[in-house]
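S.K.: To start, I am sharing the structure in question, which I have written as structure tokens.
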Amino acid sequence: MTEKKKQYIIKNLKWPIGFTGYLWNYFSLFVPAVLLSIVPTEYDRGRPIAGLIFISLFLIFLIIYGVETERTFKKLTLTKDWSTSEIAKILEKNTFSFVNQTDGVLEIGTRISAFSWGEKITIIKVTKDLILINTQPTGRGFISFKNKANYNKIKAILAAVK
């Protein structure tokens with residue numbers, strides 16, 4: 011991770027996203043857009059369209075929510091001044107696997123499960139008592155929704171260490 015990207019994340023609490031990122035992440039909006047384009051035709055035929063509109067808008071909301079959630083970092087205040095390598099060792103003892111470590115940035119992973127291809131968790135040390143945590147699915151599934159669970163698990167593990 012470059013220093014510029016790291017500073018962007020610390021300032022905005024989100025991964026930076028460029029044009030190709032938008033295309034890749036929001037391509038799935040094509041499906042609800044097609045459903046919405048069918049609405050005028052179905053309306054002209056006298057068919058009920060409320061369900062089609064509801065499903066389309068729900069999918070749009072779900073996709074945007076999922077992508078933005080995967081971009082967002084959550085703050086965690088530490089009770090002790092740990093280095094990123096110490097945090098890695100603690101988390102490795104508790105079902106997480108080490109992926110990469112650079113200056114103040116730690117990448118760990120979760121294992122594949124019945125409901126997930128695994129997640130890549132990025133931890134950025136901001137100050138001696140503040141880290142930022144982000145979870146993204148490793149496989150491009152639909153939406154992970156594991157962000158909160160991973161955050162709470164890391165928080166509990168670090169709080170339990172004396």
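Quick note on my numbering: the sequence shown kicks off at 11 and runs consecutively. Backbone N, C-alpha and C fix where the C-beta goes; we use that ideal spot for every residue, glycine too. Keep in mind the model is a prediction, meaning the values are calculated, not measured.
Would you report the Cα separation of Ile122 and Thr148, rounded to the nearest angstrom?
M.R.: Taking the first residue of the sequence shown as 1, we reach residue 122 at position 112. Taking the first residue of the sequence shown as 1, we reach residue 148 at position 138. If you draw a straight line from the Cα of Ile122 to the Cα of Thr148, it comes to about 9 Å.
S.K.: Decide yes or no for the touch test of the stretch 85 to 104 against the stretch 37 to 47: beta carbon pairs closer than 8 Å, at least 3 of them.
M.R.: no
S.K.: What residue range does the alpha helix (DSSP H) around Val171 cover?
M.R.: Your numbering for residue 171 matches position 161 in the sequence shown. Val171 -> no alpha helix (DSSP H), and no H or E assigned at all.
S.K.: Given that a residue counts as buried once 16 or more other Cβ atoms are within 10 Å of its Cβ, and exposed if not, what is Gly61?
M.R.: Reading the sequence shown from its first residue, position 51 is the one you call residue 61. Result: exposed.
S.K.: With distances taken from CA atoms, which of Lys135, Asn157 and Asn110 is nearest Arg17?
M.R.: Residue mapping note: residue 17 aligns to position 7 of the sequence shown, counting from 1. In the sequence on display, residue 17 carries Gln and not Arg. Ranking Lys135, Asn157 and Asn110 by Cα distance to Gln17 puts Lys135 first.
S.K.: If we count Cβ pairs, one from each stretch, closer than 8 Å, do we get three or more for the stretch 20 to 34 versus the stretch 63 to 74?
M.R.: no
S.K.: For Leu46 and Asn35, what's the separation of their Cα atoms in angstroms?
M.R.: For the purposes of this step, residue 46 is identified with residue 36 of the sequence shown, where counting begins at 1. For the purposes of this step, residue 35 is identified with residue 25 of the sequence shown, where counting begins at 1. In a straight line, the C-alpha of Leu46 is about 20 Å away from that of Asn35.
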